[in-house]
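J.: Quick note, the sequence shown lines up with residues 11 to 446 if you use the numbering used here. All residues carry an ideal CB built from backbone N, CA and C; glycine is no exception. Owing to the predicted nature of the structure, the values given are computational and were not obtained by experimental measurement.
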Amino acid sequence: MKIAIVGTGYVGLVSGACFAEVGIDVTCVDIDSNKIENLRQGIIPIYEPGLDDLVKRNAKEGRLHFTTNLTDCLEEVEVVFCAVGTPPDEDGSADLKYVKEVARTFGRHINHYTIFVTKSTVPVGTSKIVREVITEELRNRNAEVPFEVASNPEFLKEGAAIKDFMSPDRVVIGTDSARARKVMERLYRPFLLNNFRVIFMDIASAEMTKYAANSMLATRISFMNDIANLCELVGANVNMVRKGIGSDARIGTKFLYPGCGYGGSCFPKDVKALARTGRDNGYTMRIIEAVEAVNESQKSVVYNKLQQELGDLKGKHIAIWGLAFKPETDDMREAPSLVVINRLLADGATVTVYDPVAMDECRRRLGDNVQYARDMYEAVVDADAVALLTEWKQFRVPSWRVVHKSMRGNLIVDGRNIYDSTELADEGLTYRCIGH
Numbered sequence: 011m012k013i014a015i016v017g018t019g020y021v022g023l024v025s026g027a028c029f030a031e032v033g034i035d036v037t038c039v040d041i042d043s044n045k046i047e048n049l050r051q052g053i054i055p056i057y058e059p060g061l062d063d064l065v066k067r068n069a070k071e072g073r074l075h076f077t078t079n080l081t082d083c084l085e086e087v088e089v090v091f092c093a094v095g096t097p098p099d100e101d102g103s104a105d106l107k108y109v110k111e112v113a114r115t116f117g118r119h120i121n122h123y124t125i126f127v128t129k130s131t132v133p134v135g136t137s138k139i140v141r142e143v144i145t146e147e148l149r150n151r152n153a154e155v156p157f158e159v160a161s162n163p164e165f166l167k168e169g170a171a172i173k174d175f176m177s178p179d180r181v182v183i184g185t186d187s188a189r190a191r192k193v194m195e196r197l198y199r200p201f202l203l204n205n206f207r208v209i210f211m212d213i214a215s216a217e218m219t220k221y222a223a224n225s226m227l228a229t230r231i232s233f234m235n236d237i238a239n240l241c242e243l244v245g246a247n248v249n250m251v252r253k254g255i256g257s258d259a260r261i262g263t264k265f266l267y268p269g270c271g272y273g274g275s276c277f278p279k280d281v282k283a284l285a286r287t288g289r290d291n292g293y294t295m296r297i298i299e300a301v302e303a304v305n306e307s308q309k310s311v312v313y314n315k316l317q318q319e320l321g322d323l324k325g326k327h328i329a330i331w332g333l334a335f336k337p338e339t340d341d342m343r344e345a346p347s348l349v350v351i352n353r354l355l356a357d358g359a360t361v362t363v364y365d366p367v368a369m370d371e372c373r374r375r376l377g378d379n380v381q382y383a384r385d386m387y388e389a390v391v392d393a394d395a396v397a398l399l400t401e402w403k404q405f406r407v408p409s410w411r412v413v414h415k416s417m418r419g420n421l422i423v424d425g426r427n428i429y430d431s432t433e434l435a436d437e438g439l440t441y442r443c444i445g446h
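#1: Please determine, among 380, 95, 161, 18, the residue with the shortest C-alpha to C-alpha distance to residue 44.
#2: Which residue's Cα is closest to the Cα of residue 186: 27, 380, 160?
#3: Among residues of its own chain, excluding the 5 on either side of residue 54, which ones have a beta-carbon nearer than 7 Å to its beta-carbon?
#4: Would residue 189 be called buried (16 or more neighbouring beta carbons within 10 Å of its own) or exposed?
#5: Classify residue 194 as helix, strand or coil using the three-state DSSP reduction.
#6: Among 221, 331, 84, 358, whose alpha-carbon lies nearest the alpha-carbon of residue 12?
#7: With three or more beta-carbon pairs closer than 8 Å as the criterion, would you say the stretch 107–126 touches the stretch 146–154?
#8: Reducing DSSP to helix, strand and coil, say where residue 424 ends up.
#9: Please report how far the alpha carbon of residue 389 lies from the alpha carbon of residue 419, in whole angstroms.
#10: Can you tell me where the alpha helix (DSSP H) with residue 161 in it begins and where it stops?
#11: Quick one, are the C-beta atoms of residue 444 and residue 269 less than 8 Å apart?
#12: Contact between the stretch 150–168 and the stretch 14–34: three or more CB pairs below 8 Å?
#13: Output the distance between the C-alpha atoms of residue 95 and residue 194, rounded to the nearest integer angstrom.
#14: Which residue marks the beginning of the beta strand (DSSP E) containing residue 12, and which one marks its end?
#15: Can you tell which of 232, 334, 413 has the C-alpha that lies nearest to the C-alpha of residue 392?
#16: Whole angstroms are fine: how far does the CA of residue 215 sit from the CA of residue 8?
#17: What does DSSP give as the partner residues of residue 98 in its beta bridges?
#18: What residue range does the alpha helix (DSSP H) around residue 223 cover?
#19: Based on the DSSP secondary-structure assignment, which residues constitute the bridge partners of residue 398?
#20: Put residue 119 into one of helix, strand or coil per three-state DSSP.
#21: List the endpoints of the continuous beta strand (DSSP E) containing residue 372.
#22: Heavy atom of the ligand SAH less than 7 Å from the Cβ of residue 264, yes or no?
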């Protein structure tokens, strides 16, 4: 079976490599010629554990190909996945210009029955827009080529994307056609050996499922951050509260960890887009809009604690541990670190940063505005305070004695609640965390 995946970003490249791993012939398409040439040479544009080996192995074995031109493979493929970006517009709505452009190319050049599958996160109703674009292009050609449109949203977690794809909780496929359903069943048949669920539904429901899933997870995070902030005011310990409510089987423990806010490419964008979809349909998504507001406020909580403890930040030197929005990725999109660093710089502080994999991404975003350390201990030299923003494993058990001796001050602000206050107090350090 041969398929094409347009877009070699996070979703497209992971999906293409994983489909190829089970024997499907995959052509990955991207208009960025430099990225495609790098991929052909085995240079991977993103950090994801295991992806480098997966791409190289399947490319070497002839199952994974890269091109800048979708028309190179349209004569042979049965399915075209659209995995291009859908960045938010200023009003929060998803920008579909890249999706539409792929649909136009698809409509201009298909010559046999082919399925157009949206894997990008797109608002409800996008499939209708895509179908209209393709139909218009076929009409311009005076061509009657059969095609179908389907939705197959992704549910990959950065840092565990390959495992999620190969052994997912579920695969959601939206289609209104029995013929398209059979093709998609055949495509995903290799994964059925793992006994996971393929859930078929109508296209609109599939499109909504993606937004609803991410927004629910984001809601749990913002809810817990709100509880954490109240805990500080009333003298409660949010870690105890989390254990207490998480033991309820109806609630569970996942996504109930307070911190300095969520970031990344999915939650912020999808929450905004879902709120916008509500407004476009005359309905206010009150919970969703509150989720976004709480998260934006929470990204400043570490900065606020630094300011409360240190006072005037002008001339102060702050060490930042962790830049990526979460561990096991170099993704800094919407990361709390950007908010904290920019506010510190605006106040006249100097900042030294360290992250195991996101240093190059930070240089791309912040340039020479911050200092870059070679490791976590070099970062704290002469620092008035250390702020942990990403809970990488290597940050979990630092030598606090070394840290304290290297620092000028003694303040540790834990934005992820991973440290023990007693242990730091024994080393003469002042410890501040979230919700305690």
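T.: Reading it off the structure:
#1: Of 380, 95, 161, 18, the residue nearest in Cα terms is 18.
#2: 160
#3: Result list for residue 54: 61, 62, 65, in chain order.
#4: exposed
#5: helix
#6: 84
#7: Touching, yes, given that three or more Cβ pairs across the two stretches are closer than 8 Å.
#8: strand
#9: Residue 389 and residue 419: Cα-Cα distance of roughly 13 Å.
#10: Careful: residue 161 lies outside any alpha helix (DSSP H), inside the beta strand (DSSP E) at 157–161.
#11: yes
#12: yes
#13: 23 Å
#14: 12–16
#15: Comparing Cα-Cα distances from residue 392 to each of 232, 334, 413, the minimum goes to 413.
#16: The shown model of the chain, from 11 to 446, leaves out residue 8, and the question about it has no answer.
#17: 104
#18: Judged by DSSP secondary structure, residue 223 falls within the alpha helix (DSSP H) whose first and last residues are 213–244.
#19: 331, 424
#20: helix
#21: Run containing residue 372: none in the beta strand (DSSP E); it sits in the alpha helix (DSSP H), 369–376.
#22: As far as ligands go, the structure on display features none, and thus does not contain the ligand SAH.
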